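Read the structure below first, then the notes.
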Amino acid sequence: MVFLWPNFSRTMDYQFKDIEAKWQQFWSKNQTYRVENNTSKPKYYVLDMFPYPSGAGLHVGHPLGYIASDIFSRYKRLKGFNVLHPMGYDSFGLPAEQYAIQTGQHPAITTETNINRYREQLDNLGFSFDWSREVRTSDPAYYKWTQWIFMQLFNSWYNLETDKAEPISTLIRKFETGGSKYVKAACDDDRSTFTADEWKQKSEEEQQKEFLKYRLTYLRESTVNWCPALGTVLANDEVKEGFSERGGHPVEQKKMMQWSMRITAYADRLLQGLENIDWPEPLKEMQRHWIGKSVGAIVKFSLTPTLSEGEGEQKLSYKTANPILWEVLKANSKHNRKEQTEAEGLLWQYLRDSQLGYKIRRQHAIDGYIADFVCLKKGLVIEVDGEYHLDNEENDALRTEVLNKYGFEVIRFTNEEVAENTISVAQKIKDKLEHIEGLKGGVPSPSERARVRLEVFTTRVDTLFGVSFLVIAPEHELVPSLTTPEQEETITNYILQTKKKSELDRMADTKKTVSGAFTGSYAKHPITGTNIPIWIADYVLAGYGTGAVMAVPSGDQRDWLFAKHFNLPIIPILDAQKDIDQQADPTKEGKYIHSDLINGLTYKEATRVLIAKLEELGVGKAKMNYRLRDAIFGRQRYWGEPVPVYFKNGLPYLIDEKELPLLLPEVDKYLPTENGEPPLGRAENWKYHDQYEYELSTMPGWAGSSWYWYRYMDAQNNQAFADKKAISYWKDVDLYIGGSEHATGHLLYSRFWNKFLKDLGYVGEEEPFKKLISQGMIQGRSNFVYRLIDDEGKSTNTFVSSGLKHQHKTIALHVDVNMVENDVLDLNQFKSFRAEFANAEFILEAGKYMCGVEVEKMSKSKFNVVNPDDITARYGADTLRLYEMFLGPLEQSKPWNTNGIEGVFKFLRKFWKLFHDDTFNFNISDEEPTKAEYKALHKIIRKAEEDIERFSFNTSVSSFMICVNELTDLKCNKRKILQDLVIVLSSYAPHITEELWTLLGNQAGTLSYANYPKFNEVYLIENEFAYPVSVNGKMKMNLMMSLNLNAPEVEQLVLANDDVLKYLDGKSPKKVIFVKGKIVNLVL
RNA sequence: GCCUAGGUGGUGGAACUGGUAGACACGCAGGACUUAAAAUCCUGUUCGCCUUAAAGCGAGUGCGGGUUCGAUUCCCGCCCUAGGUACCA
């Protein structure tokens, strides 16, 4: 291929426009950066976080990381690596859908338009991406594999014994051979217990239901931000203070059945993995905190009977409801009986009047819940659930747990089961009733209930003897049973008060006010047996740990405040605790006091001894606790991956793998249906095999990005998400550059999926991203003009320069930064900016209008957006690339300021001039370079190498400038120097160097694969050095001396020097410090 | 509150392992070239004092201490800024 370009560069100054266009075309046509998977070269994988293609296009902040990664990739290529440096688009997402709702345009179309614009902008910057590997998450050929991974997750469970994910088939084998007993899994809390025989007798549906409790992706009821006015679910960041960000409509918390990912199974591995990856410490800290592992202990406090004698052993017969809630429950129960569902009505006909031989009650209150049906004698609760448990206020799992605690067993049926086969359901109930052992003596008495133990989680089990009270969350399930009649009113009031408070909480300041209420009950200390009062308080959260804490006022500030406020004892436990009458002292130093069997021990010893003791007594054990929750994996949106699932009898099943991808169906509108179903509910005739309902929610934004780095390895493969050979060659990402805003989202989910894929043997590495650099944000730098206000407070058409504004009454207006240079306003541009400014008058300072400055987020509304296209048009891509790096350290956030760009542009012109004579004729000499010239070159060879390796791009740009300044001073135009300099600079400024590379007589396109010049120390060795001579550490003068001299020789020379003697003031120094090659210091 | 990063001229920043603080660049000031402007080149530019000048003196890396012959760098206490996070037991 021959390029016919005018030979302009031989007769003209640096023409960046033509040069850059020429090489961008050349690289594209010749596929210069196409990467092969089969080479003998070592691999290096450099990845950027791929962008979401928004309608606004790129601003100068976006390419910062791409430039850095491109420099690094080009550098590694010169160093002989086979570098994978791909780019793609995270193209599913909300903005496109929002736009579609507003305009009716299909999101695929607007996404395509945006991608094309992004591509054009990226192409302008001279990146060495291999575009043949581009991925788009919204492309069916891509999301086919996202769906496929979802299916693998659905078909897997987490075996705690092998500590990895395994196919469900291994779980089945375990159930069939040993029942549920020996299965150790990360699973739902409400899993059933059964023997192998019982398992085999279970129906297919019962088995499926049980699997769902183990699968790594499963259905769970979760709370979402539901906005009735918009008819949609909102993300957390779309909700501002309880209202939707768009439109300001009220948002409510609603429970919905949602797909979830069992990321908690991997909590510990996600934590451990952080030890072995080279990520910024703050980012790792964020993930650690997000996972929130606390190593502690569960301690069980038994409860002492709370009711007065006589009452104590009385059976409650059928009065099983919680007395506090009775009025409410009674009303609910009545309402429910009237509004019973069809299925409940059907079933009741078979259960009523002891037809089964047992007395069954319906809508019967137990504690704080209403059971659909209950047989009190046998202690069996029968629940009929809607498919999505729509009626459900409480969490089913919690409910079952509570009922189990009181000795009830719970069996559940779905509406469909009952409706389709009422008789067999009734028969199952009868069987159960006949086989169940039943409650001993019926319903538990208060004292029996009191035998329930209160579990607390603590990270400081060593403080056990400093416990002076227990605090449980107001929502804790045992609150009703623990409340004595005398305290009923107080407790009820407090619960009401907390409920109100949580609503107002957001408005209120964060100042801590102490509040709580005494339940009237006591617990026994597990070791000493003393009575400990039980309180409720809202500083204890129901959702963390066990929802109950043992309060140690001497060691915990919140407990301390509580104790002071309610006049509870504060027990010192360590001899090192100080001032505990002033505040809590959480120290672990010193020896224990007042602490029974651990008196005199240290923290470490005490913890070990106590846990052993608790375990021996069966009242506690060591326990790990995590803050991490399972991740919701569903959005009630259109523009996302469809979930490859259909429902049969209310249970989810996967579609056949051969049927992938499950394509996103066409819909008439991108809004929810009238019944509040997600937009996919609008799709016509969209049924699995024309009969079963598909899942209507789509996958969240992070689905497609949780594995995309593997797709780049083998982007066109339609047999697998990537070929095994490609994966074993590229392995993992060596360098990942992106924004730290993805710290706990994308970066955690990606690690999770990677570990899962590794467990199943699809990939080889435990961690996907070996090294990660988080780039700083580029902020906007806004400019302001100051408009005079007249006496009546009205705006005038006169504007005053920033330096004089304090002499007048003014208001500040944002002014477009593109009509401001070095904070000086271009008055003509300003006048033509808006009609109202056409006749504007100005009060100038020193003949100029100076604008005010503020650093803000870069956004259109603040008129501070700088488009990279404008910069490249004016200065070229090479200048922009260098300038973005020159701005400062990559990891630091900084405002964009175009002010310094001239300096970088001048540098490139100076560099160009080295190769040309005064009339811009290409002019290079083959003479042997001088020592000084070699020195300048080898300094930059080493410096650029060191700086790139530590990602200090700003300092290397400075060093390039120094080098070119030196060579200019030396009037160097020697090939031996300049050709190597071209290679070293090429990763930063690829266009100008390609041009000069060919002018030097090299083959076009070969620069990218040249060899990085070898550094030779010989050129930098000096035999003399201008030693700084300081007196008492203050630098006074430099003294040229040979580097071969040793300490006594130097001392002699220095003390004989006339200039030095001036500083000595006639004294002789007490001591002379000499560091070879560094410094001489005279101590007087 | 806690975690993390940071605080250096008018500005962006440099000084990598305790050894010449302010490299490089912008801006500004003065000058050369030009009819003029742009571009380019040269000189100066931390602050204060002193000086016709050359030179010199003093202070100085958020504040206060400490270690050291020597501290932007290490230690202790405090203040401020940015990002993250929270009644997490």
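Numbering-wise (the working numbering), the first sequence opens with residue 1 and increments by one. Note that the Cβ used here is the ideal one computed from N, Cα and C, for glycine as well. Quick caveat, the model's predicted, so the values are computed rather than measured.
For residue i, which of the options has the nearest alpha-carbon?
i     : options                      : result
G681  : N155, L696, R77 and N599     : L696
M151  : F457, K658 and E342          : K658
W661  : F756, A21 and P140           : Strictly speaking, residue 661 in this sequence is Pro, with Trp absent from that position. Here the closest residue by C-alpha is P140.
D190  : V643, F211 and N965          : F211
N1081 : S1042, Y729, L1045 and N1038 : N1038
A196  : P107, E205, S203 and S180    : S180
P1095 : P250, I871, S73 and F566     : Past the edges of the chain, shown from 1 to 1084, lies residue 1095, and the structure says nothing about it.
N649  : S73, Q208 and G1005          : Q208
P1085 : L1053, K1078 and N1032       : The displayed coordinates of the chain run from 1 to 1084. Any statement about residue 1085 would go beyond what the structure contains.
L601  : D462, E1017 and T872         : D462
A185  : A563, E198, G178 and R215    : R215
Check this for me: beta carbons of residue i and residue j, under 8 Å apart or not?
i     : j     : result
V1060 : V1029 : yes
L356  : K430  : yes
A743  : Q258  : no
L64   : E1051 : no
C963  : I940  : yes
K771  : D734  : yes
For residue i, name the three-state secondary structure that DSSP assigns.
i     : result
W560  : helix
M87   : coil
M699  : coil
Q152  : helix
G739  : strand
Y539  : coil
N783  : strand
I843  : strand
R834  : coil
K974  : strand
M1041 : strand
T993  : helix
L568  : coil
L504  : Confidence at L504 is low in this model, with a pLDDT of 47, below 50, so the placement of that residue should be treated as unreliable; the coordinate-derived value is given next. Helix.
Y688  : strand
Residue i lies in the beta strand (DSSP E); which residues open and close that run?
i     : result
R1091 : Outside the modelled stretch of the chain, which goes from 1 to 1084, sits residue 1091, for which no answer is possible.
E339  : No beta strand (DSSP E) holds E339; DSSP gives it neither H nor E.
Y692  : Y692 to Y694
N897  : Where N897 is concerned, there is no enclosing beta strand (DSSP E), given that its DSSP letter is neither H nor E.
L804  : Note, L804: premise wrong, no beta strand (DSSP E); not H, not E.
For residue i, count neighbouring Cβ atoms within 10 angstroms of its own Cβ and tell me buried if that reaches 16, exposed if not.
i     : result
E120  : exposed
N718  : exposed
L1043 : exposed
P485  : exposed
A1047 : exposed
I423  : exposed
E420  : exposed
N899  : exposed
Y708  : buried
T993  : buried
N864  : buried
What is the residue span of the alpha helix (DSSP H) that residue i lies within?
i    : result
P63  : P63 to L78
Q201 : A196 to Q201
Y646 : Element bounds for Y646: not the alpha helix (DSSP H) but the beta strand (DSSP E), V645 to K648.
M961 : F953 to D969
L662 : Premise fails: L662 is in no alpha helix (DSSP H) and is neither H nor E.
K935 : K931 to E949
P480 : V479 to L482
P167 : P167 -> not in any alpha helix (DSSP H); beta strand (DSSP E) instead, spanning K164 to P167.
S750 : H746 to D759
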